[in-house]
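Q: To start, I am sharing the structure in question, which I have written as structure tokens.
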Amino acid sequence: MHAHHHHPAGHAPHGHHHGHSREVGHGRAFAIGIALNLTFVVIEAGYGFIADSMALLSDAGHNLSDVLGLTIAWGAAILAKRGASERFTYGLRSSSILAALLNALLLMVAIGGIIWESVQRLIEPAPVAAGTMMIVAGIGIVVNGFTAFLFMSGHHDLNIRGAFLHMVADAAVSLGVVLGGLAILWTDANWIDPVLSLIIAAVIIWGTWGLLKQSLRLSLHGVPQGIAVAEVREALAKRPGVARVHHVHVWAISTTQTALTAHLVMPGGHPGDHFLAETQHELKEHFGINHATLQIEIHAPGAPDHGRECHLDHRDHDHDHHHEGHTHGGHSHGTQGSHLSP
Numbered sequence: 001m002h003a004h005h006h007h008p009a010g011h012a013p014h015g016h017h018h019g020h021s022r023e024v025g026h027g028r029a030f031a032i033g034i035a036l037n038l039t040f041v042v043i044e045a046g047y048g049f050i051a052d053s054m055a056l057l058s059d060a061g062h063n064l065s066d067v068l069g070l071t072i073a074w075g076a077a078i079l080a081k082r083g084a085s086e087r088f089t090y091g092l093r094s095s096s097i098l099a100a101l102l103n104a105l106l107l108m109v110a111i112g113g114i115i116w117e118s119v120q121r122l123i124e125p126a127p128v129a130a131g132t133m134m135i136v137a138g139i140g141i142v143v144n145g146f147t148a149f150l151f152m153s154g155h156h157d158l159n160i161r162g163a164f165l166h167m168v169a170d171a172a173v174s175l176g177v178v179l180g181g182l183a184i185l186w187t188d189a190n191w192i193d194p195v196l197s198l199i200i201a202a203v204i205i206w207g208t209w210g211l212l213k214q215s216l217r218l219s220l221h222g223v224p225q226g227i228a229v230a231e232v233r234e235a236l237a238k239r240p241g242v243a244r245v246h247h248v249h250v251w252a253i254s255t256t257q258t259a260l261t262a263h264l265v266m267p268g269g270h271p272g273d274h275f276l277a278e279t280q281h282e283l284k285e286h287f288g289i290n291h292a293t294l295q296i297e298i299h300a301p302g303a304p305d306h307g308r309e310c311h312l313d314h315r316d317h318d319h320d321h322h323h324e325g326h327t328h329g330g331h332s333h334g335t336q337g338s339h340l341s342p
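Read in order, the letters of the sequence shown correspond to residues 1 to 342 in this note's numbering.
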């Protein structure tokens, strides 16, 4: 017997709600952010060559990687809205996870280039047009700060958060370039430019490392940050009638949605749809798990459908297991599945 409960698609963690207007706003934010930053990259690179500033050229390269990152993130956000199909039963929501990972990797590549060029410039210092450097970097503060503001409301989404962090880091980097240009004007010490560039690289690494780790974890179906499986298991075990909980799996469907599957051993019999709905609601409210599939197993000695314990207790996890029912010891095992749709 199977009971399927469909609930609104809002993201549960921490009470956030994803409305249509927010999605449209982020689409507009991506378009504006890409256009502004691409224009600024051309300006910054051009004046970087004119001023012979490694800091400006490094920041231009970093901004170019952000333009690519924004484009990837926007594409993933669009793909994530596509519905499920026979081949992709969760739709393409996971593309947002891959986008966040690729975004972080692009930043790391950009950092490598910045460090290499900065070390070369430290070995062979060159004069820098500090005034031009400061003016262009000042424009960068405005462009990146405004773009970051457009993504400020999207911290619930790792993909949007990545775009926000990129823009904040860029604004901070541009501020550093302005201060560096001022220091060069005061001291005529051209080595400040490559040193500043290395500091920029360190700032970017610091801001990107967390994003890289989290997106890599999600891409490997790891448990999303902020969810403790032990606490989830304990909450399920405390539900009335539950004697044992096993095979609990928690993973991210996308950067905003979390799924769970769990087997609940209930010797007293099937608890009914109300129990399943309440359990799903608790998982959603307390843990942000908005797509829960629960399998009820009886295992009651003497019951007509009693068989061995769950097959997954005795076999490899690669066993072809279907949550919509399987047989145990030749008997039809009393199973009731329920899922909360994304």
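Built from N, CA and C at the ideal position, the CB exists for glycine as well.
1) Quick check on the burial criterion: 16 or more other C-beta atoms within 10 angstroms. Buried or exposed for phenylalanine 164?
2) Pick from Ala277, Glu282, Trp191 and Thr187: whose alpha carbon is nearest that of glutamate 234?
3) Answer yes or no: do asparagine 37 and leucine 79 have a C-beta to C-beta separation smaller than 8 Å?
4) Does the segment 54–70 come close enough to the segment 106–121 that 3 or more CB-CB pairs lie under 8 Å?
5) Give the secondary structure of alanine 172 by DSSP, where H, G and I count as helix, E and B as strand, and everything else as coil.
6) Glycine 46 to serine 254, Cα distance in whole Å?
7) Tell me tryptophan 251's beta-bridge partners as DSSP assigns them.
8) What is the rounded straight-line gap between the Cα of histidine 286 and the Cα of glycine 61?
9) Name, in chain order, the residues that DSSP records as bridge partners for glutamate 297.
10) Identify the continuous alpha helix (DSSP H) that holds glutamate 282 and give its terminal residues.
11) Buried or exposed for threonine 258, please, with buried defined as at least 16 other CB atoms from any protein chain shown within 10 angstroms of its CB.
12) Do you know whose CA, among Ile114, Pro125, Val232 and Ala171, lies nearest threonine 147's CA?
13) I need the straight-line Cα distance from serine 219 to glycine 91, nearest angstrom please.
14) On the CB-based measure, 16 or more other CB atoms within 10 Å of its CB, does lysine 284 come out buried or exposed?
15) Could you please give the first and the last residue of the uninterrupted alpha helix (DSSP H) stretch that includes alanine 99?
16) Have a look at asparagine 290 and glutamine 280 and give me their C-alpha separation to the nearest angstrom.
17) Take the Cβ of glutamine 214 as the centre, count every other Cβ of all protein chains shown within 10 Å, and call the residue buried at 16 or more, exposed below.
18) Give the straight-line distance between the Cα atoms of glycine 140 and arginine 93, rounded to the nearest whole angstrom.
19) So the candidates are Gly27, Leu212 and Thr39; which of them puts its Cα closest to the Cα of asparagine 345?
20) Just to confirm before moving on: does the CB-CB distance between valine 173 and valine 203 stay below 8 Å?
21) For valine 245, list the residues DSSP reports as bridge partners.
22) Is there at least one Cβ from chain C nearer than 8 Å to threonine 39's Cβ?
23) What residue does the alpha helix (DSSP H) around arginine 217 start on, and which one ends it?
24) Quick check: what's the CA-CA separation for isoleucine 184 versus methionine 134?
25) Looking only at DSSP bridge pairs, what is alanine 292 linked to?
26) To which residues of the same chain is glycine 176 closer than 7 Å at the C-beta, ignoring the five residues directly before and after it?
27) Going by DSSP in three states, leucine 92 sits in which element: helix, strand or coil?
28) Could you tell me which uninterrupted alpha helix (DSSP H) segments, each at least 4 residues in length, are contained entirely in the segment 126–150, listed from first to last along the chain?
29) For methionine 266, I'd like the list of residues in its chain whose CB is within less than 8 Å of its CB, leaving aside the five on either flank, ordered along the chain.
30) Span of the alpha helix (DSSP H) holding valine 67?
31) What is the DSSP secondary structure of serine 85, counted as helix, strand or coil?
A: Let me lay it out:
1) buried
2) Glu282
3) no
4) yes
5) helix
6) 39 Å
7) Ala259
8) 42 Å
9) Val265
10) 273–287
11) buried
12) Ala171
13) 15 Å
14) buried
15) 95–123
16) 8 Å
17) buried
18) 33 Å
19) Examination of residue 345 is not possible in this model, given that the chain is present from 1 through 342 alone.
20) yes
21) Leu264
22) Absent here is chain C; the protein component of the structure consists of one chain.
23) 192–219
24) 10 Å
25) Leu260
26) Leu196, Ile199 and Ile200
27) coil
28) 130–150
29) Gly241, Val242, Ala243, Ile296, Glu297 and Ile298
30) 54–79
31) coil
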